[in-house]
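Student:
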Amino acid sequence: MTNNLITPDFRFRRLRRTAALRELVRETHLRMSDFILPIFIEEGINEPVPIKTMPDVFRYPESQLAEVINRAWSKGIRAVLLFGVSTHKDEVGSDTWHDHGLLARMIQTAKAAQPEMLVISDNCFCEYTTHGHCGVVFKNDVDNDATLLNLQKQVVLAAQAGVDMIAPSGMMDGMITAIRQALDDAGFAHIPVMSYSTKFASAFYGPFRDAVDSSFKGTRNTYQMDFSNPREALAESMQDEAEGADILMVKPGTAYLDILAHIRANSTRPLAVYHVSGEYAMIKAGAAAGVIDEKAIVLETMTAFKRAGADLIITYYAERLADWI
Ligand SMILES: [Zn+2]
Numbered sequence: 001m002t003n004n005l006i007t008p009d010f011r012f013r014r015l016r017r018t019a020a021l022r023e024l025v026r027e028t029h030l031r032m033s034d035f036i037l038p039i040f041i042e043e044g045i046n047e048p049v050p051i052k053t054m055p056d057v058f059r060y061p062e063s064q065l066a067e068v069i070n071r072a073w074s075k076g077i078r079a080v081l082l083f084g085v086s087t088h089k090d091e092v093g094s095d096t097w098h099d100h101g102l103l104a105r106m107i108q109t110a111k112a113a114q115p116e117m118l119v120i121s122d123n124c125f126c127e128y129t130t131h132g133h134c135g136v137v138f139k140n141d142v143d144n145d146a147t148l149l150n151l152q153k154q155v156v157l158a159a160q161a162g163v164d165m166i167a168p169s170g171m172m173d174g175m176i177t178a179i180r181q182a183l184d185d186a187g188f189a190h191i192p193v194m195s196y197s198t199k200f201a202s203a204f205y206g207p208f209r210d211a212v213d214s215s216f217k218g219t220r221n222t223y224q225m226d227f228s229n230p231r232e233a234l235a236e237s238m239q240d241e242a243e244g245a246d247i248l249m250v251k252p253g254t255a256y257l258d259i260l261a262h263i264r265a266n267s268t269r270p271l272a273v274y275h276v277s278g279e280y281a282m283i284k285a286g287a288a289a290g291v292i293d294e295k296a297i298v299l300e301t302m303t304a305f306k307r308a309g310a311d312l313i314i315t316y317y318a319e320r321l322a323d324w325i
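Read in order, the letters of the sequence shown correspond to residues 1 to 325 in the numbering used here.
#1: Which residues bound the alpha helix (DSSP H) around glycine 278?
#2: Consider the C-beta atom of serine 169 and the heavy atoms of ligand 1; say whether any pair is separated by less than 7 angstroms.
#3: Please determine whether the Cβ atom of phenylalanine 200 lies at a distance below 7 angstroms from any heavy atom of ligand 1.
#4: CA-CA distance, proline 38 and arginine 22?
#5: My assumption, with CB atoms under 8 angstroms, is that serine 267 sits in contact with leucine 248. Please give the rounded CB distance.
#6: Within 10 Å of its beta-carbon, does glutamate 116 have 16 or more other beta-carbons around it, so buried, or fewer, so exposed?
#7: Just tell me which of Ala265, Gly132, Val276 and Glu43 has its CA closest to the CA of proline 252.
#8: Taking only three categories from DSSP, how would you classify phenylalanine 12?
#9: Taking alanine 172 as the reference, give the member of Tyr196, Asn144, Met194 and Lys153 with the closest Cα.
#10: Check whether the stretch 128-136 and the stretch 78-90 are in contact - that is, three or more C-beta pairs closer than 8 angstroms.
#11: Please indicate yes or no: does the CB of phenylalanine 125 lie closer than 7 angstroms to some heavy atom of ligand 1?
#12: With a threshold of 7 angstroms (Cβ to nearest heavy atom), would aspartate 226 be considered close to ligand 2?
#13: Valine 193 and alanine 245 look like a contact to me (Cβ under 8 angstroms); what is the Cβ gap, rounded to whole Å?
#14: Measuring CB atoms only, is the stretch 8-18 touching the stretch 165-181, in the sense that at least three cross pairs come out at less than 8 angstroms?
#15: Start and end of the beta strand (DSSP E) containing asparagine 266?
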């Protein structure tokens with residue numbers, strides 16, 4: 001009984017009273033099957049090399065890839081994204097389409113270690129070229145169509161090596177059409193393509209340069225997207241859908257929830273988000289400084305991705321999330 005004259009029309013707090021009630025009406029859930037773990041494999045090292053800007057993330061020697069895959073599997077991770085850090089660089093990244101190159105070897109090793117693990121290859125050239133650009137350089141810029149021809153060779157090689165899914169990250173125009181044609185012609189019509197369909201030129205990639213030991217000093221602004229352009233961001237993903245991409249992606253994530261929601265509203269395809277190195281590093285740094293609760297911040301961030309429309313989350317936190325959810 002109260003003398004208060006205010007009587008709310010509806011009491012939302014009725015369903016917030018207990019943990020069981022809150023769980024019952026929760027709209028967004030995290031599961032281990034939401035997550036994809038990125039793995040860096042470097043040639044020419046014998047021990048894991050810590051990435052100093054990304055605590056708990058390492059570049060692993062090839063000899064430890066099977067162990068890394070098995071550890072991830074035992075934690076409940078069912079999908080990994082492989083990045084190679086090559087010492088066999090040239091002007092065009094030809095190591096990526098040689099049958100004994102790093103890309104092929106990583107895929108074969110990962111599949112041999114855990115045949116049921118979904119092995120995804122990051123398909124680009126920047127870790128395999130001397131100049132660090134994502135393709136063939138002509139007059140100080142990446143030649144789109146020449147790069148597509150090499151990408152076709154690379155994805156067929158990856159498929160022959162046993163990859164389960166192709167993930168082109170170079171933001172070349174027409175890359176999904178080129179990949180789809182090459183895979184289909186080579187007898188790999190069943191291999192899906194997860195496109196980095198809306199990838200922004202972002203300062204959040206800073207620590208990744210450290211992760212892949214890149215001394216790249218140029219700009220990728222002529223192929224990665226301007227982060228000021230939401231209409232173009234939607235168009236990029238819709239174009240890749242039209243070309244046959246099986247899964248779309250937004251990269252980075254935290255600063256791009258509006259883009260995720262916009263694409264979600266316009267596509268029925270599964271949608272992935274890449275929680276990138278800088279987003280990871282910021283949480284780690286904040287936690288190390290004692291200003292945030294790491295676990296709480298990560299769970300809130302991952303939930304925000306799913307709430308905004310992401311089905312899949314690529315994150316360096318995948319293994320820690322196994323302990324937390
Ligand atoms: Zn690249």
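Don't be surprised by glycine CBs; every beta carbon is placed ideally from N, CA and C.
All figures in this text were calculated on a predicted structure; none of them were measured in a lab.
Tutor: To lay it out plainly:
#1: Counting along the chain, the unbroken alpha helix (DSSP H) around glycine 278 starts and ends at 277-288.
#2: yes
#3: Flag unset: Cβ of phenylalanine 200 not near ligand 1.
#4: 33 angstroms
#5: 6 angstroms
#6: exposed
#7: Taking the Cα of proline 252 as reference, the smallest distance to any Cα among Ala265, Gly132, Val276 and Glu43 is reached at Val276.
#8: helix
#9: In the sequence as presented, alanine is not what sits at residue 172; that position holds methionine. For methionine 172, the nearest C-alpha among the options comes from Asn144.
#10: yes
#11: Yes, Cβ of phenylalanine 125 sits closer than 7 angstroms to a heavy atom of ligand 1.
#12: As presented, the structure is devoid of ligand 2, carrying ligand 1 as its sole ligands.
#13: At roughly 5 angstroms, the Cβ-Cβ gap stays under 8 angstroms, so valine 193 and alanine 245 are in contact.
#14: Too few Cβ pairs lie closer than 8 angstroms, so no.
#15: Premise fails: asparagine 266 lies in the alpha helix (DSSP H), 257-266, not in any beta strand (DSSP E).
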